[in-house]
Amino acid sequence: MDCQDQFAPGAKELVLLVFGEGELAPEVVRHLHACMICQQRLRQFRQLYLYLLAKLYRSQCPDGLHISLYCADLLEKQEKEQIEAHLRECPLCAEEVAISRRFMADPLLPVAPASPFHDLVPMRGGRQTRLILHHRPRSARWPRLYRSKECELVLSLSYAAPGCCALYGLLSRLGPALNDRLPLEGVQVELLPLETGERKRGVASSGLLLTTTVDRDGRLLFPAVSPGRYTLLLHLPVGDLVIEDLQIDV
Amino acid sequence: MGMQTEQLSNVLELALPDAVDAGEAEALNEREAEQECGADRSGLEIFQRAIVEGDQQAWALLQDQFSEVVRGWIRRHPKREIAMRLDSEENYIAQAFERFWQATAYKQDLQFTSLPAALSYLRASLNGAIMDTLRMYARPREAYLSEPGYEGASVSEDRDEGDELWEALKSLLPQPKERYLAYLLFYCGLKPREVVRYCSQEFQSVQDVYRLRRNIIERLARNIDQLLWKLSVH
Numbered sequence: 022m023d024c025q026d027q028f029a030p031g032a033k034e035l036v037l038l039v040f041g042e043g044e045l046a047p048e049v050v051r052h053l054h055a056c057m058i059c060q061q062r063l064r065q066f067r068q069l070y071l072y073l074l075a076k077l078y079r080s081q082c083p084d085g086l087h088i089s090l091y092c093a094d095l096l097e098k099q100e101k102e103q104i105e106a107h108l109r110e111c112p113l114c115a116e117e118v119a120i121s122r123r124f125m126a127d128p129l130l131p132v133a134p135a136s137p138f139h140d141l142v143p144m145r146g147g148r149q150t151r152l153i154l155h156h157r158p159r160s161a162r163w164p165r166l167y168r169s170k171e172c173e174l175v176l177s178l179s180y181a182a183p184g185c186c187a188l189y190g191l192l193s194r195l196g197p198a199l200n201d202r203l204p205l206e207g208v209q210v211e212l213l214p215l216e217t218g219e220r221k222r223g224v225a226s227s228g229l230l231l232t233t234t235v236d237r238d239g240r241l242l243f244p245a246v247s248p249g250r251y252t253l254l255l256h257l258p259v260g261d262l263v264i265e266d267l268q269i270d271v
Numbered sequence: 077m078g079m080q081t082e083q084l085s086n087v088l089e090l091a092l093p094d095a096v097d098a099g100e101a102e103a104l105n106e107r108e109a110e111q112e113c114g115a116d117r118s119g120l121e122i123f124q125r126a127i128v129e130g131d132q133q134a135w136a137l138l139q140d141q142f143s144e145v146v147r148g149w150i151r152r153h154p155k156r157e158i159a160m161r162l163d164s165e166e167n168y169i170a171q172a173f174e175r176f177w178q179a180t181a182y183k184q185d186l187q188f189t190s191l192p193a194a195l196s197y198l199r200a201s202l203n204g205a206i207m208d209t210l211r212m213y214a215r216p217r218e219a220y221l222s223e224p225g226y227e228g229a230s231v232s233e234d235r236d237e238g239d240e241l242w243e244a245l246k247s248l249l250p251q252p253k254e255r256y257l258a259y260l261l262f263y264c265g266l267k268p269r270e271v272v273r274y275c276s277q278e279f280q281s282v283q284d285v286y287r288l289r290r291n292i293i294e295r296l297a298r299n300i301d302q303l304l305w306k307l308s309v310h
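Listed below in structure tokens is the structure:
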């Protein structure tokens, strides 16, 4: 039975009350406090909502393990299809699948360097992403190969004059797909001397900064380099490539 | 430039990966591959002994050897921050192994042919533990409540009961859009704004959702006796 009073809350007001989403006019509130019929109706709405939510909330969703096994492609066809059908309707499970897939895209075990070559690892720094090489004394011999995901750099030394050597290198892309995205010609290369005894990495001394550019074939040359420790910087279009603590001995 | 070209040609010759310390590199790679292969075999054997033979010592060894791997996964999980606010790393690790054990005990025919396959399953178990924990804490407070007058209004895991209720509900909501909104409101516990955020194609505005929700509740309330009779809960 509905209350016929002029201040009786309508279904809209009652639903707002159930969901705690609105304020009623003071006279409606006063009426509600006094009217058993309206209170009963409000209670009915609330009970209905709570009942439905308690009974239904995620009752059809596959549990976390099944979501995970689905993402890892470890389910049988029938289970997989069931989850796929569910995902078309349930935005919460679709979101969980997206998170799980992101998690499972990582390598299972931390990647260990598998080659004798230097690996270039990504690092945030300055205005762009940098690829930075951490010093590994194991491969201190020349020539040296440095490798990132997208390119590799071979560096070598040769005697140029007493107390002076030439440092030269060849920069190349890893894969023809990068040809357009990663032009090498004209890439600026800087060789920054580090202060002797300076323990803090990457701090350049006031010594002379040497610069060159990569030619059409990916070649670079510093014709006269004094012995010492340097940082080599290549300003690639995709970010800087940095080789830290490059020790050059004649 | 003539001199330069000649020198660079030498570099090329010297520094190509095939030529740089080729012998040493090959030997090193072989040694690493052998070590990796040996570690894989022994890891897989522990998994097999634990799962197939139910060897308790192997279980203990499994947990001992791979706990740190699981810890590493937790630390790389996209939801690690919120997950760590809800439970400890140790509990997630314990849950990962427990779920792994339960899953493998349940699926008797489950056999791993490689260590990565076994680890994938273990990682899925960990992810399941994390996702279920997040899901439990995201559950709307109201979904735990029950009020007098409705027997069995507490949380139920009984899927059949949910199915029955949903069928009864659907019979009262002939419009597909209303049905879908009811699904999002009661199955997913979404608020109107979340409905618009998740399903912007179906529901363009919050007002639209408010209006439809009112219709749904009104219709259900009008037919509450019919609904309860169908469910035999009064």
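Chains as they are written, first to last, in our numbering: chain A, 22 to 271; chain B, 77 to 310.
Here a beta-carbon is modelled for each residue, glycine too, at the ideal position from N, C-alpha and C.
By a beta-carbon distance limit of 8 Å, L296(B) contacts L69(A). Their separation comes to about 6 Å. Y189(A) is positioned such that its CB atom lies closer than 8 Å to that of S177(A). The Cβ neighbour count for I58(A), taken over all protein chains shown within 10 Å, is under 16; the residue is labelled exposed.
Taking a beta-carbon distance threshold of 8 Å, A32(A) counts as an interface residue toward chain B. Identification of chain A residues near P216(B) by a Cβ-Cβ cut-off of 9 Å yields L74, Y78, ordered along the chain.
Counting only runs of 4+ residues, the alpha helix (DSSP H) found wholly inside the stretch 74-132 of chain A occupies 85-92, 98-108, 112-125, in chain order.
Taking a Cβ-Cβ cut-off of 9 Å, the neighbours of M207(B) in chain A comprise D84, G85, L86, I88, S89, E117, I120, S121, given in sequence order. The three-state secondary structure of P244(A), taken from DSSP, is strand. The residue from I122(B), L186(B), I158(B), A244(B) with its alpha-carbon nearest to that of F142(B) is I122(B). Three or more beta-carbon pairs drawn from the stretch 91-98 of chain A and the stretch 110-125 of chain A are found closer than 8 Å, and the two stretches are therefore classed as touching. The straight-line gap separating the alpha-carbon atoms of A214(B) and L266(B) is approximately 11 Å. Between the stretch 30-50 of chain A and the stretch 282-293 of chain B, the count of C-beta pairs closer than 8 Å reaches three or more; the two stretches touch. Counted as a single uninterrupted DSSP element, the stretch harbouring R217(B) is not any beta strand (DSSP E), since DSSP gives it neither H nor E. Taking 8 Å as the cut-off, the beta carbon of P216(B) is found closer than this to the beta carbon of L74(A). With a beta-carbon spacing of about 6 Å, A172(B) and L198(B) fall inside the 8 Å limit used to define contacts. Residue contact with chain B for M125(A): present (Cβ-Cβ distance below 8 Å to some residue of chain B). Relative to E173(A), the option among L230(A), G184(A), C185(A), L192(A) whose CA is nearest is L192(A). Looking at the backbone, the Cα of L137(B) and that of P83(A) are separated by about 31 Å. Secondary structure note for L215(A): it is in no alpha helix (DSSP H), with a DSSP letter that is neither H nor E. Within the same chain, and ignoring the five residues on either side of A194(B) in sequence, the residues whose Cβ sits closer than 6 Å to its Cβ are F123, F188.
In the DSSP assignment, A182(A) falls within the unbroken beta strand (DSSP E) covering 172-182. Of the residues V235(A), I104(A), A181(A), the one whose Cα lies closest to the Cα of P258(A) is V235(A).
With contacts defined by Cβ atoms closer than 8 Å, E211(A) and L241(A) do not form a contacting pair. In this structure, P112(A) is the residue among L96(A), P112(A), R67(A), Q61(A) with its C-alpha nearest to the C-alpha of E278(B). Note that the C-beta distance between L191(B) and G119(B) is below 8 Å.
Annotation for S193(A): the continuous beta strand (DSSP E) segment containing it runs 185-194. In the structure shown, T189(B) adopts coil according to DSSP, grouped into three states. Going by C-alpha positions, S164(B) is about 11 Å away from R147(B). At the C-beta level, Q81(A) and Y263(B) come within 8 Å of one another.
When DSSP states are grouped into helix, strand and coil, G249(A) belongs to the strand group. Per DSSP, the beta bridge partners of I269(A) are G249(A).
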